[in-house]
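For reference, the structure discussed in these notes is given below.
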Amino acid sequence: MGAISYIIEPDSVELDKSRGYETTSHKFIMRTTVLISDLLIFFTSILYFYQSYFNGLRNEHKSIGILIALTVPGFLLIDHGHFQYNCVMLGLSLYAITLGMNDRIGLGSILFALALNYKQMSLYYSLPMALFYLRQSWHIAVKSSRNFPVDKRIFILWAEFGTIVLNGVALFFFTTIVLWWPYISSVREIYRVIQRIFPFNRGIFEDKVATFWCMLSTVIKIRDIVPT
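Going by the numbering used here, the first residue of the sequence shown is number 2, and it counts up by one from there.
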């Protein structure tokens, strides 16, 4: 998105000078790119999920579910009004989940790596995703081992399971390395990227963003008790 903004309106992404930058044309660019991102990634991921998971439902029932999912007020207000592009991350994550459901562990690992590197909020899903993919990998290995004689089945089962898991892990890290390649020329560059992803220097506590902290701050004013 930044590359598109730089081509159309370079001042909008100029380092140290673009903070608070607002023009009518730039707002139009931001809103348009949010909508296009949603159409290409989030909307299609919802369609793919419903076609895969609710395959037995009648088309009219699926259409109602898809319409409800696509018109969640949070997505419309936050992504389309606040330009967060969260639906890109959510769409990639949902693709990864649906691919896992369809036993496509390798491609799903690539999509989840893209989601994780696009926005670190998908770290919330990383442990459930890892456990889900392990379960699916075991399920695939069990089905595959049934085609072999009983005396070889245990060996085939563990070999197949290990191969699927290692392949998924390798594809995940390969995708991550490709994405990070422009920034790994030095330790300093890597550190700067990590600082941007995890800005602890700004303080850990956020009373206006994270749901847990936002709810807790209505009762306990943590910012007044502990320096952050």
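Glycine is no exception: its CB is placed at the ideal position from the N, C-alpha and C atoms.
Quick check on the DSSP output: the alpha helix (DSSP H) that includes residue 12 runs from which residue to which? Translated into the one-based positions of the sequence shown, residue 12 becomes position 11. That residue, residue 12, is in no alpha helix (DSSP H); it is neither H nor E in DSSP.
Please state if the CB of residue 37 and the CB of residue 92 are separated by a distance shorter than 8 angstroms. Here residue 92 refers to the residue found at position 91 of the sequence shown. Here residue 37 refers to the residue found at position 36 of the sequence shown. Not in contact: residue 92 and residue 37 (Cβ atoms no closer than 8 angstroms).
For residue 39, count neighbouring C-beta atoms within 10 Å of its own C-beta (all shown protein chains included) and say buried if the count is 16 or more, exposed if not. As a position in the sequence shown, residue 39 is number 38, starting the count at 1. Its Cβ being crowded by 16 or more others within 10 Å, residue 39 is buried.
My understanding is that residue 35 touches residue 86, with C-beta atoms under 8 angstroms, so please give their C-beta distance in whole angstroms. By 1-based counting over the sequence shown, the position of residue 35 is 34. By 1-based counting over the sequence shown, the position of residue 86 is 85. At roughly 6 angstroms, the Cβ-Cβ gap stays under 8 angstroms, so residue 35 and residue 86 are in contact.
Own chain residues within Cβ distance below 8 angstroms of residue 176, not counting five before or after: Position 175 of the sequence shown, counted from the start, is the residue given in the question as residue 176. The residues are 110, 111, 114, 115 and 118.
Given residue 89 as reference, the closest of 166, 23 and 46 once Cα atoms are compared: Position 88 of the sequence shown, counted from the start, is the residue given in the question as residue 89. Closest in alpha carbon position to residue 89, among 166, 23 and 46, is 46.
Assigned exposure category for residue 52 - 16 Cβ within 10 Å defines buried: As a working mapping, residue 52 is identified with position 51 in the sequence shown. So residue 52 counts as exposed.
Meets three-Cβ-pair contact criterion under 8 angstroms: the stretch 93-108 and the stretch 158-170: Below 8 angstroms, enough C-beta pairs join the stretch 93-108 and the stretch 158-170 to call them touching: three or more.
In chain order, which continuous runs of the alpha helix (DSSP H) of length 4 or greater are located wholly inside the stretch 74-136? Under the rule that a run must span 4 or more residues, the alpha helix (DSSP H) segments found entirely inside the stretch 74-136 read 87-102 and 106-119.
Count Cβ pairs between the stretch 95-105 and the stretch 129-137 that sit closer than 8 angstroms; are there 3 or more? In the pairwise beta carbon analysis, the stretch 95-105 is classified as touching the stretch 129-137: at least three pairs are separated by under 8 angstroms.
Considering only their Cβ atoms, is the gap separating residue 26 from residue 19 smaller than 8 angstroms? Within the sequence shown, numbered from 1, the residue matching residue 19 stands at position 18. Within the sequence shown, numbered from 1, the residue matching residue 26 stands at position 25. Cβ distance not < 8 angstroms, so residue 19 and residue 26 don't count as in contact.
Hey, residue 191 and residue 185: beta-carbon distance below 8 angstroms or not? Position 190 of the sequence shown, counting from 1, holds the residue named residue 191. Position 184 of the sequence shown, counting from 1, holds the residue named residue 185. For the 8 angstroms CB-CB criterion, residue 191 and residue 185 form a contact.
Straight-line Cα distance separating residue 221 from residue 56: In the sequence shown, counting from the first residue as 1, residue 56 sits at position 55. In the sequence shown, counting from the first residue as 1, residue 221 sits at position 220. Distance between the alpha carbons of residue 56 and residue 221: 47 angstroms.
Does residue 31 pass the burial test, meaning 16 or more other C-beta atoms within 10 Å, or should it be called exposed? Position 30 of the sequence shown, counted from the start, is the residue given in the question as residue 31. Under a 10 Å Cβ-count criterion, residue 31 is classified as buried, with 16 or more other Cβ atoms of the shown protein chains found around its own Cβ.
Roughly how many whole angstroms lie between the Cα atoms of residue 169 and residue 226? Along the sequence shown, one-based indexing puts residue 169 at 168. Along the sequence shown, one-based indexing puts residue 226 at 225. Approximately 45 angstroms, taken between the alpha carbons.
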